[in-house]
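Going by the working numbering, the sequence shown opens with residue 1, and the numbers climb by one from there.
Beta carbons: idealized from backbone N, C-alpha and C, even for Gly.
Quick notes on the structure that follows.
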Amino acid sequence: MSLKQIGEFGFIKKISRGCLIRPDNIVKAIGDDAAAFQTDPEQLTLMTTDLLVERIHFLCGTISGFDLGHKALAVNLSDIAAMGGTAREAFVSIAIPDNCQLDYLDGIYDGIKNLAAEFDVNVLGGDTTRSKIDLIINIVVQGIVAEAELLCRDAARPADVIFSTGFLGDSKAGLHLILNQIPADTEGLKSLLTAHRVPQPHLREGRFLARQTGVHAAIDTSDGLSSDLGHIAEESRVGARLYADEIPISQNLKDFCARFNFDPVDYALSGGEDYTLLCTVSPDRAAEIANAFEQKFRRPLFAVGEITEGKKITLVYPDGRTKPITPTGWDHFKVEKNE
Ligand SMILES: [Mg+2]
Numbered sequence: 001m002s003l004k005q006i007g008e009f010g011f012i013k014k015i016s017r018g019c020l021i022r023p024d025n026i027v028k029a030i031g032d033d034a035a036a037f038q039t040d041p042e043q044l045t046l047m048t049t050d051l052l053v054e055r056i057h058f059l060c061g062t063i064s065g066f067d068l069g070h071k072a073l074a075v076n077l078s079d080i081a082a083m084g085g086t087a088r089e090a091f092v093s094i095a096i097p098d099n100c101q102l103d104y105l106d107g108i109y110d111g112i113k114n115l116a117a118e119f120d121v122n123v124l125g126g127d128t129t130r131s132k133i134d135l136i137i138n139i140v141v142q143g144i145v146a147e148a149e150l151l152c153r154d155a156a157r158p159a160d161v162i163f164s165t166g167f168l169g170d171s172k173a174g175l176h177l178i179l180n181q182i183p184a185d186t187e188g189l190k191s192l193l194t195a196h197r198v199p200q201p202h203l204r205e206g207r208f209l210a211r212q213t214g215v216h217a218a219i220d221t222s223d224g225l226s227s228d229l230g231h232i233a234e235e236s237r238v239g240a241r242l243y244a245d246e247i248p249i250s251q252n253l254k255d256f257c258a259r260f261n262f263d264p265v266d267y268a269l270s271g272g273e274d275y276t277l278l279c280t281v282s283p284d285r286a287a288e289i290a291n292a293f294e295q296k297f298r299r300p301l302f303a304v305g306e307i308t309e310g311k312k313i314t315l316v317y318p319d320g321r322t323k324p325i326t327p328t329g330w331d332h333f334k335v336e337k338n339e
């Protein structure tokens, strides 16, 4: 059996065995957006880490140091957001190739510190080393959440309404522009590039959702709607129904898809790195929570479908046609990626 055959998630499952030596006080180990464990009777500690590797996740020539630093921290903050937590401390490790300019490195740390300041996060340490070829950045973020407010992937229930805290697919469109060297010649295309390069972690949205009764499961959209909803479905042992015409697609993505001849729903389903939150909410609380969200954030909480019994995820078109959805989002070991 090769790595390509088992894929990223098969690999994670395999290496997870035997990791838990002291299970006491561990609320969530490997398998959610962050680990959660009890260090204090009042609250849980959350820990998450993400690795960004040049030529796998980014190309130095297509992203500024500042934006790269922002993104490296944002993806970690997004995982804390998905658990309903508040981010507190960060550790930044970096492996630097000889040809990397000091200005670029300064930019990376400026981007990290700028976002850290926005969300009240300390940078407390890390490691620095030389790299033979590629620039590699690893960030660890610690956060906190009250146990009663912890949001996990395995808590979705049949009939729950599925929501997204923002538009889906914009980041993938930005990536398409970068990989195909298409100039961003309109404000709309520029916004798609920004969505890809400078994602905003939904920490405030995550805290809002965590405080509401009736919010059951949550995850951030890092791998794509189909894959990320697939993780909730698998962990919660449920299925889901998505409505094609309810999936939140920005006007910018609609314009992009019309111009380059793509299906926006496919983009939203398969595009990763949007870093919105997907959550599932008890149907009797859904309208009230959506209204309160809109009042607070001045934008909608988008209902995209509902959780069902069984295991299948189905896409329903406005004319009633249905299509089974299989996860088409990102898997590091199954697909070749250039950026
Ligand atoms: Mg995540």
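- Task: Note the first and the last residue of the continuous alpha helix (DSSP H) segment covering residue 110.
- Result: DSSP places residue 110 inside the alpha helix (DSSP H), whose first and last residues are 102-118.
- Query: Between residue 338 and the rest of its own chain, which residues show a CB-CB distance below 7 Å, the 5 nearest in sequence each way excluded?
  - Reply: Here the model assigns residue 338 a pLDDT of 36, short of 50, so the residue's position is not dependable, and the following value carries that caveat. Excluding residues up to 5 positions away in sequence, 179 lie with their Cβ nearer than 7 Å to the Cβ of residue 338 in the same chain.
- Task: Put residue 56 into one of helix, strand or coil per three-state DSSP.
- Result: Three-state result, residue 56: coil.
- Message: Let me check you understand the geometry: is the CB of residue 164 closer than 6 Å to at least one non-hydrogen atom of ligand 1?
- Response: False, no ligand heavy atom lies under 6 Å from that Cβ.
- Message: Rounded to the nearest angstrom, what separates residue 267 and residue 198 at their Cα positions?
- Response: Straight-line Cα distance between these residues: approximately 19 Å.
- Expressed to the nearest angstrom, what Euclidean distance is found between the alpha-carbon atoms of residue 21 and residue 219? Taking the CA atoms as reference points, residue 21 sits about 26 Å from residue 219.
- Message: Considering only DSSP beta bridges, list what residue 223 is partnered with.
- Response: Beta bridge pairing from DSSP links residue 223 with no other residue.
- DSSP state of residue 241, grouped into three classes? Strand.
- Message: Given 6 Å as the limit, tell me if residue 79 has its C-beta closer than that to any heavy atom belonging to ligand 1.
- Response: Distances taken from the Cβ of residue 79 to the heavy atoms of ligand 1 include one shorter than 6 Å.
- Taking 7 Å as the cut-off, decide whether the C-beta atoms of residue 253 and residue 264 are in contact. Yes, they are a contact pair.
- Query: How many angstroms separate the CA atom of residue 336 from the CA atom of residue 55?
  - Reply: Interpretation of residue 336 is limited by its pLDDT of 44, a score under 50 that renders its predicted location unreliable; the figure taken from the coordinates is listed afterwards. Going by the C-alpha atoms only, they are around 11 Å apart.
- Item | Through-space distance from residue 66 to residue 134, alpha-carbon basis | Those two C-alpha atoms are separated by around 18 Å.
- Message: Checking the sheet assignment: what are the DSSP bridge partners for residue 19?
- Response: Bridge partners of residue 19: none, in fact.
- Cα separation between residue 221 and residue 130? Between residue 221 and residue 130, the C-alpha separation is close to 32 Å.
- Query: Should the stretch 302-321 be regarded as contacting the stretch 159-171, the criterion being three or more beta carbon pairs within less than 8 Å?
  - Reply: Contact holds: three or more Cβ-Cβ distances are below 8 Å.
- For residue 220, verify whether its CB is less than 6 Å away from any heavy atom of ligand 1. Yes, Cβ of residue 220 sits closer than 6 Å to a heavy atom of ligand 1.
- Message: Within 10 Å of its beta-carbon, does residue 125 have 16 or more other beta-carbons around it, so buried, or fewer, so exposed?
- Response: Using a 10 angstroms sphere on the CB of residue 125, the tally of other CB atoms stays under 16, which defines it as exposed.
- Message: Tell me the DSSP secondary structure of residue 337 in three-state form.
- Response: Because the pLDDT at residue 337 is just 40, under 50, the model does not fix this residue reliably, and the value given afterwards should be weighed accordingly. Residue 337 falls in the coil class under three-state DSSP.
- Query: If we count Cβ pairs, one from each stretch, closer than 8 Å, do we get three or more for the stretch 145-157 versus the stretch 36-48?
  - Reply: At 8 Å Cβ cutoff, the stretches touch.
- Inspect the beta-carbon positions of residue 192 and residue 169 and report whether they are closer than 7 Å. No, these two residues do not count as a Cβ contact at 7 Å.
- For residue 198, which of helix, strand or coil comes out of DSSP? The answer is coil: DSSP assigns residue 198 none of H, G, I, E or B.
- Mapping DSSP to helix, strand and coil, what is residue 285? In the three-state reduction of the DSSP assignment, residue 285 falls in the helix class.
- Item | Start-to-end residues for the beta strand (DSSP E) that takes in residue 145 | Run containing residue 145: 136-145, per the beta strand (DSSP E) assignment.
- For residue 166, does the three-state DSSP call read helix, strand or coil? It is coil, neither helix nor strand.
- Task: Please name the residue or residues paired with residue 93 in a DSSP beta bridge.
- Result: Residue 93 pairs with 138.
- Item | Cβ-Cβ distance between residue 167 and residue 227 below 7 Å | Contact flag unset, no.
- Task: Classify residue 292 as helix, strand or coil using the three-state DSSP reduction.
- Result: In the displayed model, residue 292 falls within a helix according to three-state DSSP.
- Query: Between which two residues does the alpha helix (DSSP H) carrying residue 260 extend?
  - Reply: First-last of the alpha helix (DSSP H) with residue 260: 251-260.
- Please report how far the alpha carbon of residue 230 lies from the alpha carbon of residue 272, in whole angstroms. Near 13 Å, if we compare the C-alpha coordinates of residue 272 and residue 230.
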